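Participant: Right, I'll just put the structure down here and ask away after.
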Amino acid sequence: MFMLKVCHVCDSILGEMEVEDSLTNAYPDSIMDVVGNVAYTLCPECLRQLELETETGSVYN
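For the sequence shown, position 22 (counting from the first letter as 1) is numbered 21 according to numbering that gives the first Met the number 0, and the numbering increases by one without interruption.
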């Protein structure tokens, strides 16, 4: 099965990946949210911004 990788924050398309159906159900990846044929993850830019906000303490609750 082919899955589309999309950034959870900015919705940019990061690519696609091929996975076996049994693998997506048996071993879910903790950094990806799988919904149908879309795997949501963070793009490098959004991940970097999140790390910078965490380091500087500028994350608002």
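Glycine residues also receive a C-beta, built at the ideal position from the N, C-alpha and C atoms.
Note that this is a predicted model, so its numbers are computed, not measured.
The beta strand (DSSP E) with Cys45 in it runs from where to where?
Facilitator: Run containing Cys45: none in the beta strand (DSSP E); it sits in the alpha helix (DSSP H), Pro43 to Thr55.
Participant: Tell me, to the nearest whole angstrom, how far the beta carbon of Leu51 is from that of Cys6; I am working on the premise that it is less than 8 Å.
Facilitator: Contact flag wrong, Cβ pair sits at about 16 Å.
Participant: State the start and end residues of the unbroken beta strand (DSSP E) segment that holds Met2.
Facilitator: Segment Phe1 to Cys6, the beta strand (DSSP E) holding Met2.
Participant: Following the continuous beta strand (DSSP E) through Ile12, name the residue where it begins and the one where it ends.
Facilitator: Start and end: Ile12 to Glu17.
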